[in-house]
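Asker: Line by line, the protein sequences are chains A and B.
Just so we're aligned, residue 21 is where the first sequence starts under the numbering used here, counting upward by one.
Just so we're aligned, residue 20 is where the second sequence starts under the numbering used here, counting upward by one.
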Amino acid sequence: MNSQSNKIRVGGILENRDLVMVSILSAPNIPGTAGKILSLLGDFNINVEFITESCNIEDTADIVFCFKSADRDTVLQILPELTRQINPRAEKWQDHIAIISVYGPHFREKPSIAGRMCSALGAADINILGISTSISTVSCVISESQMELAKQALESAFNLPE
Amino acid sequence: MASKILIIDDDIDLVEVLRITLEIEGFEVIDAQEGERGYRLVVEERPDLIILDVMMTTTDEGFAVAQRIRANPEIAHTKIIMLTAVSQELGFKYEKDDDLTPVDEFIEKPILPDRLIHIIKKHLNLAQ
Chain A
21 MNSQSNKIRV GGILENRDLV MVSILSAPNI PGTAGKILSL LGDFNINVEF ITESCNIEDT
81 ADIVFCFKSA DRDTVLQILP ELTRQINPRA EKWQDHIAII SVYGPHFREK PSIAGRMCSA
141 LGAADINILG ISTSISTVSC VISESQMELA KQALESAFNL PE
Chain B
20 MASKILIIDD DIDLVEVLRI TLEIEGFEVI DAQEGERGYR LVVEERPDLI ILDVMMTTTD
80 EGFAVAQRIR ANPEIAHTKI IMLTAVSQEL GFKYEKDDDL TPVDEFIEKP ILPDRLIHII
140 KKHLNLAQ
C-alpha cells in the first residue's frame, strides 16, 4: 500500500507551529454562539488559524480554535468575558500546539486523502487533537513536540513534489 | 491544445480556487508556492501565461521573479499577470514599468472569476 505507485500525489505539506488551542466545551447550541466567540477574538485582532464547531451527545456545542502563542496574553485576558457571554460548561487551554496540513491539487477528486493522512499519523502513534479542511487542504492539530515525526509519516505516506 | 497557465502564489486555497476556475475554462494549470520553484517551472514547462503574486516569502518576491523571467531571452516573452493586494494593505497602486515592474497587467485581489478569465483571454488573444 505504501509503494510509490500507490501513493497519492499531493502538492505539499504545510507546518504551522507555535500555536495555542482553546476548546469551549458544552456551550449552548443556539444561533449566534460561534459568532460571539469569533467576533470577540476579531475585536482584539486575534488571527484565528483553526476553527471547528461540533454538536455533542448532550446537544450542546464544542467550539475549538487555535491562534499564535504571541497572542496568548490577549486571549487569556478576554477569556473571562468570552465565557461570561457564552456560558459554556468548561474551557480547555492547550499550549505547544501545531497544525500539519496536506494540500492539493485536486483534493475534491481524491476521496482518500484524509483517511490516508490520519492513518499515517495514527501509525506513527500521533494523537490527532482536531481536524479541519479547506478547499485545498486537510489539516490536523497535533502536539508541537510531534511535528517532526508527523512530517516524516506524511512524507512516507504521500507522493510529494521533488 | 489548451493554453498552459502557471500560478505562483503562496496562498494555496486561492491557487485551488483559481485552478478550478481556469480548468473549467479549458486551461491547463500548474502551480508553485514560491518564486524559485515558480521560475524553474517557467523554464521547464514554458507556460503561455503566469499569474504571479507579489508578496510571498518576501514582500517583493513576485517582482524579483518577473525581472528574472524578463532577463532570460528564452522565456522573456511569457505573459505575466501580477496579482496584488498592496493597495488594500499599503494603500497605493503599482503601475507597469519595464525595469521595476515588468509585467503585462496588474490585478488587485480579490477579483471576480469572469473578469480574470476575460483578462487572461485578452492577453492570450483567445476568443472571448
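Glycine included, C-beta positions come from ideal geometry on N, C-alpha and C.
Being a predicted model, the structure only gives us computed values, none of them experimental.
(1) Can you pull out the residues from the region 156-171 of chain A whose beta carbon lies closer than 7 Å to at least one beta carbon of chain B?
(2) State the DSSP-derived secondary structure class of B:Ser-22, mapped to helix, strand or coil.
(3) Thinking just about the alpha-carbon of each residue, which of B:Glu-55, B:Arg-56, B:Thr-120 and B:Thr-97 is nearest to the one in B:Gln-86?
(4) Between B:Val-84 and chain A, is the shortest Cβ-Cβ distance under 8 Å, so that the two count as touching?
(5) Using only the alpha-carbon positions, how far apart do A:Ser-43 and A:Cys-86 sit?
(6) With A:Ala-134 and A:Val-161 assumed to form a contact (beta carbons below 8 Å), what rounded beta-carbon distance in angstroms separates them?
(7) Report the rounded CA-to-CA distance for A:Asn-22 versus A:Arg-128, giving the unit in angstroms.
(8) Is A:Pro-125 close to chain B? Criterion is C-beta to C-beta, closer than 8 Å.
(9) Against chain B, does A:Gly-32 count as a neighbour if the rule is that its beta carbon must be under 8 Å from one of theirs?
(10) If we define contact as Cβ-Cβ less than 8 Å, is A:Met-21 a contact residue for chain B?
(11) Could you list which residues in chain A have their beta carbon closer than 9 Å to that of B:Asp-50, in chain order?
(12) At what residues does the alpha helix (DSSP H) containing A:Asp-93 begin and finish?
(13) Could you check whether A:Ser-46 and A:Arg-184 sit closer than 8 Å to each other, using their CB atoms as the reference points?
(14) Should A:Gly-142 go down as buried or exposed, given a rule of 16 or more other Cβ atoms within 10 Å for buried?
(15) Would B:Gly-57 be called buried (16 or more neighbouring beta carbons within 10 Å of its own) or exposed?
(16) So, helix, strand or coil for B:Glu-80, using DSSP?
(17) State the DSSP-derived secondary structure class of B:Lys-140, mapped to helix, strand or coil.
(18) Counting only beta-carbon atoms, is A:Ser-43 nearer than 8 Å to chain B?
(19) What is the residue span of the beta strand (DSSP E) that A:Gln-114 lies within?
(20) Check each candidate in B:Ala-146, B:Ala-90, B:Glu-47 and B:Gln-147 and name the one with the smallest Cα separation from B:Ile-70.
(21) Measuring alpha carbon to alpha carbon, tell me which residue in A:Ile-117, A:Asn-179 and A:Ala-177 is nearest A:Leu-39.
(22) Pick helix, strand or coil for B:Gly-54, following the three-state DSSP scheme.
(23) Between A:Ser-139 and chain B, is there a C-beta pair that is closer than 8 Å?
(24) If you follow the beta strand (DSSP E) that A:Asp-63 is in, where does it begin and where does it stop?
(25) Round the Cβ separation of A:Ile-66 and A:Val-95 to the nearest angstrom and send it over; I've been treating them as touching at under 8 Å.
(26) What is the DSSP secondary structure of B:Leu-145, reduced to helix, strand or coil?
(27) Compute the Euclidean distance between the alpha carbons of B:Ile-39 and B:Ile-27, then round it to the nearest angstrom.
(28) First and last residue of the alpha helix (DSSP H) that includes B:Val-34?
(29) For B:Ile-82, count neighbouring C-beta atoms within 10 Å of its own C-beta (all shown protein chains included) and say buried if the count is 16 or more, exposed if not.
Answerer: From the atom records:
(1) Ser-156 and Thr-157
(2) Position 3 of the second sequence holds residue 22 of chain B. Coil at B:Ser-22, not helix or strand.
(3) Here residue 86 of chain B is taken as the residue at index 67 of the second sequence, counted from 1. Relative to the Cα of B:Gln-86, the nearest Cα in the group B:Glu-55, B:Arg-56, B:Thr-120 and B:Thr-97 belongs to B:Thr-120.
(4) The residue you call residue 84 of chain B lines up with position 65 of the second sequence. Cβ-Cβ to chain A under 8 Å: no for B:Val-84.
(5) Locating residue 43 of chain A in the first sequence gives position 23, counting from the first residue. Locating residue 86 of chain A in the first sequence gives position 66, counting from the first residue. Using only the alpha carbons, I get a separation of about 9 Å.
(6) On the first sequence, residue 134 of chain A is found 114 positions in, with the first residue counted as 1. On the first sequence, residue 161 of chain A is found 141 positions in, with the first residue counted as 1. In this structure A:Ala-134 is not in contact with A:Val-161, their Cβ atoms being roughly 14 Å apart against a cut-off of 8 Å.
(7) The residue given as residue 22 of chain A occupies position 2 in the first sequence. The residue given as residue 128 of chain A occupies position 108 in the first sequence. In this prediction, A:Asn-22 scores a pLDDT of 46, lower than 50, which makes its location untrustworthy; the coordinate-derived value is nonetheless stated afterwards. If I take the Cα positions, the gap works out to 22 Å.
(8) Taking the first residue of the first sequence as 1, we reach residue 125 of chain A at position 105. For A:Pro-125, the answer is yes, since a Cβ of chain B falls inside 8 Å of its Cβ.
(9) Start at 1 with the first residue of the first sequence, and residue 32 of chain A comes out as number 12. A:Gly-32 counts as touching chain B.
(10) Reading the first sequence from its first residue, position 1 is the one you call residue 21 of chain A. A caution first: A:Met-21 carries a pLDDT of 46, below 50, which makes its placement in the model too unreliable to give a value.
(11) Within the second sequence, the letter at position 31 stands for residue 50 of chain B. Neighbours of B:Asp-50 on chain A, chain order: Gly-31, Gly-124 and Pro-125.
(12) Position 73 of the first sequence, counted from the start, is the residue given in the question as residue 93 of chain A. Element bounds for A:Asp-93: 92-106.
(13) Lying outside 21 to 182, the shown extent of chain A, residue 184 of chain A is not represented and no answer is given.
(14) Start at 1 with the first residue of the first sequence, and residue 142 of chain A comes out as number 122. If you draw a 10 Å sphere on the C-beta of A:Gly-142, you find fewer than 16 other C-beta atoms in it, and that means exposed.
(15) Translated into the one-based positions of the second sequence, residue 57 of chain B becomes position 38. When all chains shown are included, B:Gly-57 counts as buried.
(16) Stepping through the second sequence from its first residue, residue 80 of chain B is reached at position 61. In this structure, B:Glu-80 counts as helix in the three-state DSSP scheme.
(17) As a working mapping, residue 140 of chain B is identified with position 121 in the second sequence. B:Lys-140 falls in the helix class under three-state DSSP.
(18) Walking along the first sequence from the start, residue 43 of chain A turns up at place 23. Not one chain B Cβ lies under 8 Å of A:Ser-43.
(19) Position 94 of the first sequence, counting from 1, holds the residue named residue 114 of chain A. Looking at the DSSP string, the run of the beta strand (DSSP E) that includes A:Gln-114 is 110-123.
(20) Within the second sequence, residue 70 of chain B is the residue found at index 51, counting from 1. B:Ile-70 has its Cα closest to that of B:Glu-47, out of B:Ala-146, B:Ala-90, B:Glu-47 and B:Gln-147.
(21) Along the first sequence, read from residue 1 onward, the residue named residue 39 of chain A stands at position 19. The shortest C-alpha separation from A:Leu-39 is found at A:Ile-117.
(22) Counting from 1 along the second sequence, the entry for residue 54 of chain B is found at position 35. Of the three classes helix, strand and coil, the one that applies to B:Gly-54 here is helix, per DSSP.
(23) Taking the first residue of the first sequence as 1, we reach residue 139 of chain A at position 119. So no, A:Ser-139 is outside the interface.
(24) Numbered from its first residue, the first sequence carries residue 63 of chain A at position 43. Run containing A:Asp-63: none in the beta strand (DSSP E); it sits in the alpha helix (DSSP H), 53-63.
(25) By one-based count along the first sequence, residue 66 of chain A stands at place 46. By one-based count along the first sequence, residue 95 of chain A stands at place 75. At roughly 6 Å, the Cβ-Cβ gap stays under 8 Å, so A:Ile-66 and A:Val-95 are in contact.
(26) One-based indexing of the second sequence puts residue 145 of chain B at position 126. In the structure shown, B:Leu-145 sits in coil (DSSP, three-state: anything other than H, G, I, E or B).
(27) As a working note, residue 39 of chain B is residue 20 in the second sequence. As a working note, residue 27 of chain B is residue 8 in the second sequence. In a straight line, the C-alpha of B:Ile-39 is about 15 Å away from that of B:Ile-27.
(28) Position 15 of the second sequence, counted from the first residue, corresponds to residue 34 of chain B. Unbroken alpha helix (DSSP H) run through B:Val-34: 31-43.
(29) Here the question's residue 82 of chain B lines up with position 63 in the second sequence. The question names Ile, but residue 82 of chain B is Phe in the sequence shown. Buried: at least 16 other Cβ atoms inside 10 Å.
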